[in-house]
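Per our numbering: the sequence shown = residues 2 to 157. Glycine included, each C-beta is placed from N, C-alpha and C at the ideal position. These numbers come from a predicted model, not from an experiment. Since the structure comes first, as structure tokens, the remarks are kept for the end.
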Amino acid sequence: MSSFILLDNTLTTEHFQRLEILQNPFHPAWSSKQLQGQLASSKGLNMGLIQDQQLVGFVFYQILFEQAEILQVAIDPSYQQRGLAAKLLLNSFTHLQLHKKVESVLLEVRASNLAAIKLYEHLTFSLDGRRKRYYPSVDGSREDALLYTKTLLKNA
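Below, the structure written as structure tokens:
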């Protein structure tokens, strides 16, 4: 059974350590100070996914007026391919609409991240464009970013 929690600067040490581990594969990974800044930001929404009584995923947003940008989303590799990322994002979209009055969600993703692209397209994100050579790669080369937007349904 999955549950969702809001993540903020009152996180337990255990949850914070799990955040550091989960976001570590990002290149470049965020420092502890950057993670703490995101958790403390009044312009952010941070949601975690609890499974088997541990934090196994998260999504970080930055909110500006009626738009939210996904900054990072991650699921523990041992929990991937179970639909958990989709559940986490859908739950966070509902929270963004109801509590933050967000109308659209933006993101950028590495062009090589085919699993993420498949997820975003499944969740009806629309491809808006490409930023050439945007992301640094481990080998020193650069990789394109794909830009996506999802319009959230208006609340009745």
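- When C-alpha distances from Ile51 are compared across Asn92, Gly45, Gln35, the shortest belongs to Asn92.
- Cβ atoms of Asn10 and Leu40 come within 8 Å of each other, at about 5 Å.
- Glu67 sits close to Ser105, with the two beta carbons spaced by under 9 Å.
- Secondary structure at Arg132: strand, using DSSP grouped into helix, strand and coil.
- Remark: C-beta atoms of Leu56 and Val103 do not approach each other more closely than 9 Å.
- In the structure shown, Asn92 falls within a helical segment according to DSSP collapsed to helix, strand and coil.
- Closest option to Ala69, judged by alpha-carbon separation, among Gln98, Gln54, Ile76, Leu89: Gln98.
- Secondary structure in the stretch 41 to 113: the alpha helix (DSSP H) runs of 4 residues or longer, each lying completely within the stretch, are 85 to 101 in chain order.
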